[in-house]
Amino acid sequence: RTVGIGVFGVGKMGQAHVRRINDSLRGARVVAIGDPAPEFAHKAAPGLDLPDDAVAESITEMCARPDVDGILVAAWDGEHEAAALAAIAAGKMVFCEKPLTPSVEGCRRIIEAEEKAGRRLLQIGFMRRYDTGYQQMKQVLDSGRIGDPLLAYCMHRNPSQGERFESHQIITQVMVHEFDISRWLFGEEITRVRVDRSRSTSKAPEGLIDPLTAVLWTESGVRINVEAVCFGRYAYDIRCSVLCEDGDVALPDQLAPTIRDASGVRHEIGTDWLDRFKDAYNIEIQSWIDSVIAGEQDGPSAWDGYAAQAICEASAEAMGSGAEQPLDLMAKPAIYS
Ligand code: ISE
Numbered sequence: 002r003t004v005g006i007g008v009f010g011v012g013k014m015g016q017a018h019v020r021r022i023n024d025s026l027r028g029a030r031v032v033a034i035g036d037p038a039p040e041f042a043h044k045a046a047p048g049l050d051l052p053d054d055a056v057a058e059s060i061t062e063m064c065a066r067p068d069v070d071g072i073l074v075a076a077w078d079g080e081h082e083a084a085a086l087a088a089i090a091a092g093k094m095v096f097c098e099k100p101l102t103p104s105v106e107g108c109r110r111i112i113e114a115e116e117k118a119g120r121r122l123l124q125i126g127f128m129r130r131y132d133t134g135y136q137q138m139k140q141v142l143d144s145g146r147i148g149d150p151l152l153a154y155c156m157h158r159n160p161s162q163g164e165r166f167e168s169h170q171i172i173t174q175v176m177v178h179e180f181d182i183s184r185w186l187f188g189e190e191i192t193r194v195r196v197d198r199s200r201s202t203s204k205a206p207e208g209l210i211d212p213l214t215a216v217l218w219t220e221s222g223v224r225i226n227v228e229a230v231c232f233g234r235y236a237y238d239i240r241c242s243v244l245c246e247d248g249d250v251a252l253p254d255q256l257a258p259t260i261r262d263a264s265g266v267r268h269e270i271g272t273d274w275l276d277r278f279k280d281a282y283n284i285e286i287q288s289w290i291d292s293v294i295a296g297e298q299d300g301p302s303a304w305d306g307y308a309a310q311a312i313c314e315a316s317a318e319a320m321g322s323g324a325e326q327p328l329d330l331m332a333k334p335a336i337y338s
C-alpha cells in the first residue's frame, strides 16, 4: 500500500525530503505540506509538483487530514515540540529532524506523550546511523575482533553555515551528530562532558567560538574527543576513528574516484552534508516509511533525542564554566527498551 505523508517545514531540508519521498523512495507520496509560516508553504508548493490541495495552513490542519498517515517535521528547531506533540496526540507516526527539541524539558514532554500513547510513534533524524561507513565501524566494534574500545576521535568540519546560524548551534546542530553516533557506536550513555576552546577562525562570524572541542566519557570510561568546525572553508569533512585494545577502526572515506596526476594522488571531498549523507538519508526515510506502513516504529527514538539534548545542555554548561559537567539522565521508560 502507499501511505500519505505530510511534510511540516519546507526549507532546504523539508523540500529535499519531499523530493526524496516522491522521486526516489517506495511506498509513500507526499500529499500535504505546511510550514510554521504558511505563506512559505504556498510559495514552495508549485515547485514541488504536489496535488492542488496540498498546502495545510497549520500543523493542526495537517494532523486532521485523513489522507495523512505520517508527518515529517523539518521545521525550525523551536517548532519541533509543538508539531511532534500534535502528531502524537492525533495518533500519527512522526519523523522529527534533530534536535528533537531545543530543551531537555521539551524532550521529556514528547517522551511523556509517547508513554501516554502506550507506544513509540516518533523517529528522530539521526541519519548517520544509516550511513554504510558508520554501520561498518559498528559491526567491527560489536564483533569484538579488535577488542574493547578505549579512545575515539570525531571530526566534523563544515565549510560554512547558513545565514541564520546562531552560536549555540555549534553544539545543538553540529556536535549533536557526534553525541548521537558515539552513544550508538558504543551502546552506552554519556556520563560527563568537558568543552575546550581553541583560537577561532577569522572566517567565523563575530562572537562564534569556532572550532570548538568537547571531551565525553561513556559509562565504561571510553573517552571521546569531538571537534566541530562551522566555518572551516575547505570542505565538508567527517572523520571518526576508534582505538581499541587490539587495533584501530576508522570511518571509510567517502566513495569517490581517486585521481592521480602530476600533483599527486587524491580524491575529492564534497562541500554539502545533503550530498555526503544522501544515501543515509534515503535509507533513513525509507525505513521510516516502512514503519508507517507497518504501523510499528523502530529506529532512533525520542529517548535518543532526549539523551543527545541532555549532552548538548551539559556541554553548554561546561562551555560556560570550563569545568567537567556530569550528566543526570531520567530513568529510561519501558517503551524504549
Ligand atoms: C546541519 O544542520 C546538519 O544536520 C548537518 O548534518 C551538519 O553537518 C551541519 O553542520 C548542520 O548545520
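In this note's numbering, each number is its position in the sequence shown, counted from 1, plus 1. Backbone N, C-alpha and C define an ideal beta-carbon position, used for all residues, glycine too.
Could you compute how far the alpha carbon of residue i sits from the alpha carbon of residue j?
i: Val69; j: Val105; result: 29 Å
i: Cys97; j: Gln255; result: 26 Å
i: Gly233; j: Ala251; result: 22 Å
i: Thr3; j: Gly92; result: 18 Å
i: Glu167; j: Trp77; result: 12 Å
i: Pro52; j: Ala46; result: 9 Å
i: Ala281; j: Ala315; result: 28 Å
i: Ser199; j: Cys241; result: 20 Å
i: Ala308; j: Arg130; result: 15 Å
i: Ala319; j: Gly107; result: 21 Å
i: Ala311; j: Trp289; result: 24 Å
i: Glu113; j: Asp273; result: 36 Å
i: Phe268; j: Asp197; result: Checking the sequence shown, residue 268 turns out to be His, not Phe. Rounded to the nearest angstrom, the two C-alpha atoms are 32 Å apart.
i: His43; j: Asp54; result: 10 Å
i: Asp299; j: Asp262; result: 47 Å
i: Arg20; j: Gly296; result: 23 Å
i: Ala83; j: Pro103; result: 12 Å
i: Ala303; j: Ala90; result: 15 Å
i: Glu164; j: Gly5; result: 33 Å
i: Ala38; j: Val194; result: 37 Å
Any heavy atom of the ligand ISE closer than 7 Å to the beta-carbon of residue i?
i: Gln310; result: no
i: Gln124; result: no
i: Val175; result: yes
i: Asn159; result: yes
i: Gln162; result: yes
i: Trp304; result: no
i: Trp77; result: no
i: His169; result: no
i: His268; result: no
i: His178; result: yes
The alpha helix (DSSP H) with residue i in it runs from where to where?
i: Ala55; result: First-last for Ala55: undefined, no H or E at that position.
i: Arg184; result: Val177 to Phe187
i: Met138; result: Thr133 to Ser144
i: Ile210; result: Looking at the DSSP string, Ile210 is not in any alpha helix (DSSP H), and its letter there is neither H nor E.
What do you reckon, are the CB atoms on residue i and residue j nearer than 8 Å?
i: Leu213; j: Ile225; result: no
i: Ala153; j: Ser183; result: yes
i: Lys99; j: Val177; result: yes
i: Phe127; j: Ile72; result: no
i: Val11; j: Ile22; result: no
i: Ile111; j: Ala85; result: yes
i: Cys245; j: Asp181; result: no
i: Pro258; j: Gln124; result: no
i: Ser201; j: Ile191; result: no
i: Val175; j: His157; result: yes
i: Phe187; j: Val223; result: yes
i: Ser59; j: Gly79; result: no
i: Glu179; j: Glu220; result: no
i: Asp238; j: Ile286; result: no
Looking at the secondary structure, which residues open and close the beta strand (DSSP E) in which residue i lies?
i: Trp218; result: Leu213 to Thr219
i: Arg234; result: Taken as a continuous stretch (DSSP letters only), Arg234 belongs to no beta strand (DSSP E), as it is neither H nor E.
i: Ser242; result: Asp238 to Cys245
i: Thr343; result: The question about residue 343 has no answer here: the residues shown for the chain are numbered 2 through 338.
i: His157; result: Pro150 to Arg158
Any heavy atom of the ligand SAH closer than 7 Å to the CB of residue i?
i: Trp274; result: The ligand content of the structure shown is limited to the ligand ISE, which means the ligand SAH is not among them.
Legend entry - Any alpha helix (DSSP H) of 4 or more consecutive residues that is wholly inside the stretch 250-321: 274-277 and 279-295
Inset, instruction - Counting only runs of 3+ residues fully inside the stretch 4-41, write out the beta strand (DSSP E) ranges in chain order. - result: 4-9 and 29-35
Inset, instruction - Report the residue ranges of all beta strand (DSSP E) runs contained in full by the stretch 67-143; include only those spanning at least 3 residues, in chain order. - result: 71-74, 94-98 and 123-126
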